[in-house]
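Scroll down for the structure; my scribbles are underneath it.
Residue numbers (the working numbering): 742 to 964.
As structure tokens, this is what we get:
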């Protein structure tokens, strides 16, 4: 939804002959290539690229499709547009706050491991009002590597002062969260909202389709 509204404003600003839906498809195809984000590439083979640079390059590629070379001012405008629309339209999963509060009440160290940049992570926390929920934050920009590489998980574990076998990871990306967590010995809870049923899920210790299913699992693991 955020990307759709972003592209509506891009079309209007540059008077482009395209529908918002087509522009979103085009923008996302540029944003989520291996060369742009490296999220599906081998970090050992390619250098780290921050998300802000990936979005900048994707925006540039979109305009170049219409023979427009963006200026410094264009990039600044798009950066503001990006944050404005993500602030307005990104949403937490239903019951996320309830689960976070339940976890916080356990008194255990609460950490987050994210592939987004430091400033965007801080921005999201402010939008959702959940900054106080977490004891530590570990981002790909900080570690200069993406999930599921082991290093980013080890940095997060060091901040928590514990080992993988003493930790639980909850994530909605099987490849990044579950595989990455399992590789360092963490107990894994996969929120499978979007993946097909035929995906190999053997490495996940627990698989749920709704956040409300997490609480009983945590009760068994923590007590």
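Positions of the beta carbon are idealized from the N, C-alpha and C atoms, including for glycine.
message: Across the region 801–816 and the region 922–935, are there enough close Cβ pairs to call them in contact, namely three or more that are closer than 8 Å?
response: Here the region 801–816 makes no contact with the region 922–935; the two share fewer than three CB pairs at distances below 8 Å.
message: Contact defined as beta carbons within less than 8 Å: I believe residue 791 pairs with residue 858. What is the distance between those atoms, to the nearest angstrom?
response: With a Cβ gap of about 5 Å, residue 791 and residue 858 count as contacting.
Whole-angstrom distance between residue 919 and residue 912, CA atom to CA atom: Between the alpha carbons of residue 912 and residue 919 lies a gap of roughly 7 Å.
query: Straight-line CA distance for residue 749 to residue 904?
result: For residue 749 and residue 904, the distance between alpha carbons rounds to 47 Å.
- request: Take residue 797 and list the residues in its own chain whose beta-carbon comes closer than 7 Å to its own, dropping the five residues that flank it on each side.
  value: Excluding sequence neighbours, residue 797 sits near 816.
message: Residues in the same chain with beta-carbon distance under 8 Å from residue 893, minus the five sequence neighbours each way, listed in chain order, please.
response: Around residue 893: 854, 879, 881, 884, 886, 887 and 921.
message: Is the separation between the beta-carbon of residue 840 and that of residue 952 shorter than 8 Å?
response: Result yes, Cβ atoms of residue 840 and residue 952 sit closer than 8 Å.
task: Measure the C-alpha to C-alpha separation of residue 802 and residue 768 and round it to an integer number of angstroms.
output: Approximately 8 Å, taken between the alpha carbons.
query: Taking C-alpha atoms, which residue in 846, 962 and 890 lies nearest to residue 906?
result: Ranking 846, 962 and 890 by Cα distance to residue 906 puts 962 first.
- prompt: Nearest CA to the CA of residue 824: which residue from 744, 930 and 945?
  reply: Nearest C-alpha to residue 824: 744.
- prompt: Can you give the Cα-Cα distance for residue 856 and residue 809, rounded to whole angstroms?
  reply: Residue 856 and residue 809 have their C-alpha atoms spaced approximately 30 Å apart.
message: Between the alpha carbons of residue 685 and residue 866, how many angstroms are there, rounded?
response: Any property of residue 685 remains undetermined from this structure, which presents the chain solely from 742 to 964.
- prompt: By a C-beta neighbour count over all protein chains shown, 10 Å radius and 16 as the cutoff for buried, is residue 756 buried or exposed?
  reply: Of the residues assessed, residue 756 falls on the exposed side of the cut-off, its CB having fewer than 16 other CB atoms within 10 angstroms.
message: Let me check one thing: in DSSP terms, what residues is residue 854 bridge-paired to?
response: Per DSSP, 879.
message: Within a Cβ cutoff of 6 Å, which residues of the same chain sit near residue 807, ignoring the five residues on either side of it in sequence?
response: Taken in chain order, the residues that qualify are 757.
task: Following the continuous alpha helix (DSSP H) through residue 766, name the residue where it begins and the one where it ends.
output: In this chain, the alpha helix (DSSP H) harbouring residue 766 covers 761–772.
query: Considering only C-alpha positions, which residue in the set 828, 870, 850 and 930 is nearest to residue 944?
result: Comparing Cα positions, the closest option is 930.
query: Of the choices 902, 933 and 763, whose alpha-carbon is the least far from that of residue 916?
result: Of the candidates 902, 933 and 763, the residue whose Cα lies closest to the Cα of residue 916 is 933.
- prompt: Using a Cβ-Cβ cut-off of 8 Å (strictly less than) and excluding sequence neighbours within five positions of residue 956, which residues of its own chain qualify?
  reply: Counting only Cβ-Cβ distances below 8 Å, and skipping sequence neighbours, we find 840 and 843.
task: For the beta strand (DSSP E) holding residue 912, just list the boundary residues, first then last.
output: That run of the beta strand (DSSP E) goes 909–912.
message: With the cut-off set at 8 Å, would you say residue 852 and residue 872 are in Cβ contact?
response: No.
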